[in-house]
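For reference, the structure is listed below as structure tokens.
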Amino acid sequence: MTAAAHVLHEGYARSDGVASTVGLVRDGDQVIVVDPGMVANRSLILEPMERLGVPPQSVTDIVISHHHPDHTVNIALFPPVRVHDHWAVYEGDRWTDRPAENAQVSPHVRLVETPGHTPQDTTTLVDTPDGVVAFTHLWWFEGIEGDPRAADLEALFRQRERVLEIADLIVPGHGPAFEVSK
Ligand SMILES: [Zn+2]
Ligand SMILES: [Zn+2]
15 MTAAAHVLHE GYARSDGVAS TVGLVRDGDQ VIVVDPGMVA NRSLILEPME RLGVPPQSVT
75 DIVISHHHPD HTVNIALFPP VRVHDHWAVY EGDRWTDRPA ENAQVSPHVR LVETPGHTPQ
135 DTTTLVDTPD GVVAFTHLWW FEGIEGDPRA ADLEALFRQR ERVLEIADLI VPGHGPAFEV
195 SK
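If you count the sequence shown from 1, position 167 lands on 181 in my numbering, and the numbers rise without skipping.
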């Protein structure tokens, strides 16, 4: 058994608007939403979930790649669930510190710390039947050379190399998924 990874919403960063790539992972009994951030309309998150047969009430975990509002602003679209970031898991009124590096969100989903865009960036790695899918803000979209807003470009490039070693498919913060050529 492995997990299933889906893209609910393909993000973009254009002069007339910015939206987050929003991911969904099903792993056994767990339903994980990655980066419920800015979208033009919340139905753009909810309708793809409906098509997958996954009601919002079934979500058990939310992972955010980093703290910018374009990737977090729709967390409350879901019932109160565990929220995972670079240094803690939040549930109800409990804030549990833990490092994100190799933190297991579910049996086939783990986090790695990938600072660069911000010092607080994490990448979500999902074991699927087709290989490892990485939800990450190390790329805004395929082919982008650096990151115009990176806090630390050198760190970003180092982390990109690491993730390219591990992943077969990259799901970037603001664009369509792309395959890693090995
Ligand atoms: Zn950001
Ligand atoms: Zn972003």
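C-beta: ideal position from N, C-alpha, C; glycine also.
Nearest-angstrom Cα separation, counted from residue j out to residue i
| i | j | result |
| --- | --- | --- |
| residue 53 | residue 24 | 9 Å |
| residue 93 | residue 73 | 8 Å |
| residue 158 | residue 191 | 13 Å |
| residue 48 | residue 123 | 11 Å |
| residue 127 | residue 61 | 31 Å |
| residue 174 | residue 16 | 24 Å |
| residue 165 | residue 130 | 6 Å |
Identity of the residues DSSP links to residue i by a beta bridge
| i | result |
| --- | --- |
| residue 20 | 38 |
| residue 31 | 28 |
| residue 183 | 147 and 193 |
| residue 126 | 137 |
| residue 109 | 104 |
Residue i Cβ short of 7 Å to ligand 2 heavy atom set
| i | result |
| --- | --- |
| residue 197 | Outside the displayed range of the chain (15 to 196) lies residue 197, so it cannot be described from this structure. |
| residue 189 | no |
Residue i: CB within 7 Å of a non-hydrogen atom of ligand 1
| i | result |
| --- | --- |
| residue 132 | yes |
| residue 151 | yes |
Candidates the options, of which the one nearest residue i by Cα
| i | options | result |
| --- | --- | --- |
| residue 65 | 38, 137 and 179 | 38 |
| residue 196 | 83, 146 and 103 | 146 |
| residue 138 | 182, 83, 70 and 28 | 182 |
Open item on the list: Any contact between the stretch 140-154 and the stretch 182-193? By contact I mean 3 or more CB pairs, one from each, below 8 Å.
Closed with: By the Cβ criterion, the stretch 140-154 is in contact with the stretch 182-193, since at least three pairs of Cβ atoms, one from each stretch, lie closer than 8 Å.
- [ ] Give a yes or no on contact between the stretch 74-83 and the stretch 44-58, applying the rule of three or more CB pairs nearer than 8 Å.
- [x] In short, these stretches touch, since the Cβ pair count reaches three.
Open item on the list: Under 8 Å: do the stretch 82-102 and the stretch 25-42 share three or more Cβ pairs, one atom per stretch?
Closed with: Short answer: they touch.
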